[in-house]
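These protein sequence lines are chains A and B, in that order. First residue of the first sequence: 313, per this note's numbering; consecutive thereafter. First residue of the second sequence: 313, per this note's numbering; consecutive thereafter. Below is one structure, written out as structure tokens; the observations come after it.
There are 2 protein chains.
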Amino acid sequence: MMSAADGVRPMRADARRNRERILLVARAAFAERGVGCSLDDIARQARVGPGTLYRHFPSREALLDAAMAGWVDDVCASGAAILAEADDPLEAVRRWFSRLLDHVLVHKGASAMVAAMGDPSSPLYASCSRIREANETVLSTAGDTGRLRAGVEPDPVARLVLGICALAGDVGMPRGEAEAMLEIVHRGVTR
Amino acid sequence: MMSAADGVRPMRADARRNRERILLVARAAFAERGVGCSLDDIARQARVGPGTLYRHFPSREALLDAAMAGWVDDVCASGAAILAEADDPLEAVRRWFSRLLDHVLVHKGASAMVAAMGDPSSPLYASCSRIREANETVLSTAGDTGRLRAGVEPDPVARLVLGICALAGDVGMPRGEAEAMLEIVHRGVTR
DNA sequence: ACCTGAACACCGTTCAAGT
DNA sequence: ACCTGAACACCGTTCAAGT
Numbered sequence: 313m314m315s316a317a318d319g320v321r322p323m324r325a326d327a328r329r330n331r332e333r334i335l336l337v338a339r340a341a342f343a344e345r346g347v348g349c350s351l352d353d354i355a356r357q358a359r360v361g362p363g364t365l366y367r368h369f370p371s372r373e374a375l376l377d378a379a380m381a382g383w384v385d386d387v388c389a390s391g392a393a394i395l396a397e398a399d400d401p402l403e404a405v406r407r408w409f410s411r412l413l414d415h416v417l418v419h420k421g422a423s424a425m426v427a428a429m430g431d432p433s434s435p436l437y438a439s440c441s442r443i444r445e446a447n448e449t450v451l452s453t454a455g456d457t458g459r460l461r462a463g464v465e466p467d468p469v470a471r472l473v474l475g476i477c478a479l480a481g482d483v484g485m486p487r488g489e490a491e492a493m494l495e496i497v498h499r500g501v502t503r
Numbered sequence: 313m314m315s316a317a318d319g320v321r322p323m324r325a326d327a328r329r330n331r332e333r334i335l336l337v338a339r340a341a342f343a344e345r346g347v348g349c350s351l352d353d354i355a356r357q358a359r360v361g362p363g364t365l366y367r368h369f370p371s372r373e374a375l376l377d378a379a380m381a382g383w384v385d386d387v388c389a390s391g392a393a394i395l396a397e398a399d400d401p402l403e404a405v406r407r408w409f410s411r412l413l414d415h416v417l418v419h420k421g422a423s424a425m426v427a428a429m430g431d432p433s434s435p436l437y438a439s440c441s442r443i444r445e446a447n448e449t450v451l452s453t454a455g456d457t458g459r460l461r462a463g464v465e466p467d468p469v470a471r472l473v474l475g476i477c478a479l480a481g482d483v484g485m486p487r488g489e490a491e492a493m494l495e496i497v498h499r500g501v502t503r
């Protein structure tokens, strides 16, 4: 458990406001212009100096992680919800893939997450791992019912699905094409 | 048929030499530092002014396409060779995926090709289409023997396999992980 | 016809000076 | 403690001047 006594001193009010404004602008900028967009622009739009952006987020990845935290929460919660609702575990897997695609197509940044999956030093690693765990839960439920192929490891599947979502988001692929790819993966892992 | 009379006038000798030197340097640079590496560096290493690079290759994609032409030739020829050698069409599909991975892991640039697949105006579109055709040939041979799942379209498969290769190349993924993903796709399209 | 290299605009990053 | 904005290095791109 954390508390104020652990050294998590509250930020000065203006710093907190700046931080929030940067995040708000960054989320919109990443979604509209992609995760490679100019950080200077973000700082300008948030009406702070470039140094202020760097003080709060020392790297593009750090900013990316903070900006994505919200939808990563949502998508992980979706995983649990899908399992609870669906009666067919195979359909649950399909819905899980599709939900992941939904989020990535809007918010982008999945390519950075895939890159971070193998790199514990990345600021995105924690978010990455949360998605990986959600994926593991959905898949293992299907596995327990015997509907998964033998020898299917959840992590390559997570990488693959995230990778497809990343590709679709970065390239601006029509949704249907991305779905077709996910369907191939679905057939490849289930029986 | 093309001939000198069609307006394909020969280049001046120094221009031809410069062009070749730029391509030689570019191939090494893309392979070592990735397809996003500095074009200024390439010009410097090839000992030409930046303007000369732009005269020969008006965009990064144009340079990329010229630099990749060689291995695209090779990989397409591989497709035919694999079909001729292999007795099992399923094994041929597997080998085809694997061969594509080999080339991309060395030369990079597959992400740009995936992006170009849906964009006929891209300088990479022609190379892209050649790979797509090779893929179509290998897959349809397997399809003729009834070893392909019903409703499998070759193009989404091409995009998917190229996409995985691109991901593996860009992220520096261990070969085994990429193979694991390709195996899932293989199971997804065959029976 | 082709090459050169200076020039420009833009971007990420740092840091001394301020409050 | 935090912010500002000037400064620096780097890169893509253009173009006037040369041969």
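Cβ atoms here follow ideal geometry from the backbone N, Cα and C, with glycine treated the same way. Source: prediction; values computed, not measured.
- When C-alpha distances from A:R411 are compared across A:A355, A:T453, A:I443, A:A462, the shortest belongs to A:I443.
- B:L413 has its alpha-carbon roughly 10 Å from the corresponding atom of B:A422.
- Put simply, of A:E448, A:M493, A:G391, A:I334 the residue whose alpha carbon is nearest the alpha carbon of A:P370 is A:I334.
- In summary, the residues of the region 448-482 of chain A whose CB is separated from some CB of chain B by less than 8 Å are R461, V464, E465, P468, V469, R471, L472, G475, I476, A478, L479, D482, in the order they occur in the chain.
- In the structure shown, A:T457 falls within a coil segment according to DSSP collapsed to helix, strand and coil.
- For B:S350, no alpha helix (DSSP H) segment is defined, and its DSSP state is neither H nor E.
- By the Cβ rule, the region 461-480 of chain A counts as touching the region 477-497 of chain B, because three or more pairs are nearer than 8 Å.
- Below the 7 Å Cβ cutoff, chain B contributes I496, V497, R499, G500 as neighbours of A:G500, in chain order.
- Secondary structure within the region 394-469 of chain A: the alpha helix (DSSP H) runs of 4 or more consecutive residues, fully enclosed, are 401-419, 422-428, 437-456 (chain order).
- Secondary structure note for B:A492: its alpha helix (DSSP H) is the uninterrupted segment 487-501.
- When only Cα atoms are considered, A:A424 and B:L436 end up about 24 Å apart.
- Shown here, B:R367 sits in a helix according to DSSP, grouped into three states.
- For the 8 Å CB-CB criterion, B:A343 and B:D353 do not form a contact.
- Between A:L479 and B:V426, the C-beta gap is smaller than 8 Å, which places the two residues in contact.
- Against chain A, a Cβ distance below 7 Å from B:V426 picks out L479, V483.
- When C-beta atoms of the region 444-462 of chain B are compared with those of the region 396-405 of chain B, three or more pairs fall below 8 Å, so the two segments count as touching.
- For the pair B:G361 and B:A355, the CB atoms are nearer than the 8 Å cut-off.
- Taking a C-beta distance under 8 Å as the contact criterion, A:R339 and A:A381 do not qualify as a contact pair.
- In this structure, A:V501 is the residue among A:R329, A:C477, A:V501 with its C-alpha nearest to the C-alpha of A:G458.
- The contact set of A:E489 on chain B, defined by CB atoms closer than 9 Å, consists of G430, D467, P468, R471 in chain order.
- Around the beta carbon of B:M485, a 10 Å sphere encloses 16 or more other beta carbons of the protein chains shown; the residue is thus reported as buried.
- In this structure, A:E373 is the residue among A:D456, A:E373, A:L336 with its C-alpha nearest to the C-alpha of A:P432.
- For the region 363-386 of chain A, the set of residues with a beta-carbon nearer than 7 Å to any beta-carbon of chain B is empty.
- Identification of residues in the region 320-334 of chain A having a C-beta nearer than 9 Å to some C-beta of chain B yields an empty set.
- For A:A492, the chain B residues whose Cβ falls inside 8 Å of its Cβ are E465, P468, in order along the chain.
- Non-local C-beta neighbours of B:G481 in its own chain, meaning closer than 6 Å and more than five positions away in sequence, comprise V416, L417, K420, A422, ordered along the chain.
- For the set B:P401, B:Q357, B:L395, B:S390, the Cα lying nearest the Cα of B:E332 is the one of B:Q357.
- A straight line joining the alpha-carbon of B:I394 with that of B:V387 spans about 10 Å.
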